[in-house]
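The structure appears right after this line, and notes come after that.
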Amino acid sequence: MTLKHFMRMAAGVTALMSVLAAVPANADDAKLDELKAQGFARIAIANEPPFTAVGADGKVSGAAPDVAREVFKRLGVADVVASISEYGAMIPGLQAGRHDAVTAGLFMKPERCAAVAYSEPVLCDAEAMLVKKGNPKGFQSYADIAKDQSATIGAPGGGTEEKLALEAGVPRERVIVVPDGQSGLKMLQDGRIDVYSLPVLSINDLVKKANDPNLEVVAPVQGAPVYCDGAAFKKGNEALRDAFDVELAKLKESGEFAKLIEPYGFSAAAAMSTTREKLCAAAN
């Protein structure tokens, strides 16, 4: 091979490498640029304090949106615009392109990890049950509810609590889908359900606001694992997810992450003690 021929080949390889470098590694590498130009990211939330909350003025708060807002801001996306969704509709909405991310206490489970691209952990919590004062039926676990053939449990549709109750053997007809916390509280107070189940922090927030001495919290639910959520992105948006993770890691390292979530009652140390890889591989 002559030097001239070699130089021509090298130039060709260089040109090819330049072309490849200009092509996104994933089809959605341009998603972040799109969000920057748009000026906001569309996030799906549940109105379930302290994970997520929507004020009377429409302002979105809660630990999950606060973290998402700060991370997106650091990525050059000025704000987040939230829409309230039932848990069971969040992933389909994300896959259909109605949301850019889900930041709603959507706990990581292997089947969800297969459907979406999760960030590293953000919020961690355990499960709780709200019952009448004195816990008249002595419920400590979802299995206890299954054994009582007359007992009914309320839970968010498509949420972890619904799934845990069904897996514990509670028949479908005794698992009542409840649209929001206030509805679940009222149904329990009226005797239409025997138990209402949500994460510990959500139940505690609900009870605090209700100020009803006739209610009691059972927590943590025996046999129920501790969960962590993360921001969920559409498969194919891994570049956006990875960029989110970089800024999330910086928040955790600087101490700003703790300042964002701990006023809501969450533990920064809990979120920093595990990883997406571990949570997504965890047994159901």
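Residues -27 to -1, 1 to 257 in mature numbering (1 follows the signal peptide of the UniProt record, and there is no 0) are what the sequence shown spells out, letter by letter.
Built from N, CA and C at the ideal position, the CB exists for glycine as well.
CB of residue i within 7 Å of CB of residue j, strictly
i	j	result
residue 176	residue 190	yes
residue 214	residue 90	yes
residue 129	residue 60	yes
residue 95	residue 243	no
residue 183	residue 158	yes
residue 221	residue 44	yes
residue 262	residue 106	Beyond the ends of the chain as shown, which are -27 and 257, falls residue 262; an answer cannot be given.
Same chain, Cβ closer than 7 Å to residue i, neighbours up to 5 away in sequence not counted
i	result
residue 38	16, 18, 25, 53, 55 and 76
residue 112	102, 104, 118, 168 and 191
residue 110	121, 124 and 167
residue 216	5 and 48
residue 80	133, 200, 201 and 202
residue 136	none
residue 148	126, 128, 135, 138 and 139
Sequence-distant residues of its chain with Cβ nearer than 6 Å to residue i (five each side left out)
i	result
residue 49	9
residue 240	none
residue 119	141, 142 and 143
residue 181	none
residue 73	14 and 15
residue 230	224 and 241
residue 65	none
residue 198	none
residue 34	26
residue 185	none
Residue i - partner residues in DSSP beta bridges
i	result
residue 15	54
residue 188	105
residue 206	90
residue 84	For residue 84, which the question treats as bridged, DSSP gives no partner whatsoever.
residue 98	200
residue 169	103 and 127
Integer-rounded CB distance, given that residue j should sit under 8 Å from residue i
i	j	result
residue 99	residue 115	In fact, because the Cβ distance is near 13 Å, the residues do not count as touching under 8 Å.
residue 92	residue 138	Not a contact, Cβ separation roughly 28 Å.
residue 166	residue 131	The pair is not a contact, with the Cβ atoms about 18 Å apart (cut-off 8 Å).
residue 174	residue 154	Residue 174 to residue 154, Cβ: 12 Å. No contact.
residue 233	residue 36	7 Å
Near the ligand NAD: residue i beta-carbon under 6 Å from a heavy atom
i	result
residue 235	For the ligand NAD, the structure offers nothing, since it holds no ligand at all.
Exposure label - residue i; buried when at least 16 CB within 10 Å
i	result
residue 83	exposed
residue 254	exposed
residue 219	exposed
residue 87	exposed
residue 203	buried
residue 235	exposed
residue 58	buried
residue 29	exposed
residue 41	buried
residue -6	Confidence at residue -6 is low in this model, with a pLDDT of 38, below 50, so the placement of that residue is unreliable and no value is reported for it.
residue 151	buried
residue 134	buried
residue 228	exposed
residue 85	buried
residue 78	buried
Cβ-based neighbour list, residue i, same chain, cut-off 8 Å, excluding 5 preceding and 5 following
i	result
residue 70	207
residue 247	94, 97 and 201
residue 145	139
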